[in-house]
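Worksheet: the structure to be examined is printed underneath.
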Amino acid sequence: MPSFPESILVSRMQLGIDRLLVDPQLARRLAGRRLALLGHPASLTGACEHSLDALMARPDLALSAALGPQHGMRGDKQDNMVETSDATDPRHGIPVYSLYGEVRYPTPAMLDSFDTLLVDLQDIGTRIYTYVTTLAYVLDACAKAGKAVWVLDRPNPAGRPVEGSILEPGWESFVGAGPMPMRHGLTLGELAVWFVAQRGLDLDLEVVPMGGYDPHAAPGYGWPLSELAWVNPSPNAATLNMARCFPGTVLFEGTILSEGRGTTRALELVGAPDLAFDRILRRMQNLAPDWLTGCRLRPCWFEPTFHKHAGLLCSGVQVHTDGGYYDHAHFSPYRIAALILKAVRLEHPDYPLWRDFHYEYERDRLAIDLLAGGTFLRDWVDDHQAQIGDLDARLTPDESAWAQERRGYLLYP
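In this text, residue positions in the sequence shown follow the numbering used here: the first is 74, and each later residue adds one.
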């Protein structure tokens, strides 16, 4: 086993980027190649140095360009769905191409700037997170252009649990790159291998796996709490609690309910100024108490400073997974979110839940359907005759099928 310098090795777990930096055999395989890095603000070494800076400091590695996903390489865009322009990195003077601006698919000029693309993105384990789609797009583009891709693997903070329906055919979008459930339970490296197989790509793909990573270890269950600093993968992904809640709370982006944007706990809160959430919560408890286990739901009030309902006092609920009550195996954020929507519809049959707006480059399909990967969730919520068991009957077979399908792609069994 190679020795790890103290400046790099901060714990027994090694990120993919750290293994590349300290393993001479890995570095030698990249010698003579023009490299590009696809990264963002959470692309950090275990010692909290940005991966771009760490790679540029290596005289034996020739980094010629960088690419940034949504929110940018250095995190220049704070709000959601705000594009980033191509730029020149102010520290190193290399071009930084945007994959969330004029284009989302790599252009020939971008591909001409490198021989091997290093992907170092922190994902949070949810299908609709746009970094997953960006990964799929660069794998496609590099396969067609004959470029190699190395994925420097990172933890999935949501861990291994699977939840949600598999994206339906015809519902692919920038928040749905392939037939996987909302909570997929894979690391980005594992997802890359799955994408290559699922899309039938002829690609020179290398995954640099983490060392010492146990996705089942308490108390983080996917995120090594005592070993790795939390750096926001996107501006509103501020906590591990948010990452755990996100496979459910992201659905509220497709509604007129606030998902907490404009507060310091975005995507952990749900609420609205014209609803009484104490009634909503009672209805939820009566409908499906089993879906509410593994966490705490706290009635709360909040006033967003921007985004939906800015300046209005909202009644709402906050989802907590940050105490000893947290049960990783039973926490079901997707079902909790679906239950909130169902309870609102039953309490207020005519409430205008669904938000019709331009969402992630889509104009003709409702955001809630893009997020859910089909119309079934909206149909279930709006059908007053639909029962709780009907949603379970829709989700459970997909969850079981995905758990079986992904078994061959697990790098950390």
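Backbone N, C-alpha and C fix where the C-beta goes; we use that ideal spot for every residue, glycine too.
- Taking a contact as a CB-CB distance under 8 Å, the pair Arg107 and Phe187 counts as one, their CB atoms being some 5 Å apart.
- Counting only residues of its own chain and dropping the five nearest sequence neighbours on each side, Ile413 has a CB closer than 7 Å to the CB of Val343, Ile353, Met357.
- In the three-state scheme derived from DSSP, where H, G and I count as helix and E and B as strand, Glu263 is classed as helix.
- The continuous alpha helix (DSSP H) containing Cys215 extends over residues 203-218.
- In the structure shown, Trp303 adopts coil according to DSSP, grouped into three states.
- Within the same chain, Tyr170 come within 6 Å of Met183 by CB-CB distance, once the 5 residues on both sides are set aside.
- In the three-state reduction of the DSSP assignment, Cys318 falls in the helix class.
- For Leu414, the enclosing alpha helix (DSSP H) starts and ends at 406-420.
- By the Cβ criterion, the stretch 236-245 is not in contact with the stretch 289-300, since fewer than three pairs of Cβ atoms, one from each stretch, lie closer than 8 Å.
- Between Trp267 and Trp475, the alpha-carbon positions lie close to 12 Å from each other.
- Under the three-state reduction of DSSP output, Gln271 falls in the helix class.
- Minimum Cα-Cα distance from Gln143 among the listed residues Arg256, Gly389, Val390, Phe247 corresponds to Phe247.
- Taking C-beta atoms under 8 Å as the contact rule, Ala349 and Ser388 qualify, at a distance of about 6 Å.
- The beta carbon of Tyr399 lies closer than 7 Å to those of Gly367, Cys368 in the same chain, with the five residues before and after it left out.
- In the pairwise beta carbon analysis, the stretch 393-412 is classified as not touching the stretch 222-230: fewer than three pairs are separated by under 8 Å.
- Checking the DSSP bridge columns, you'll see Gly367 has no partner listed.
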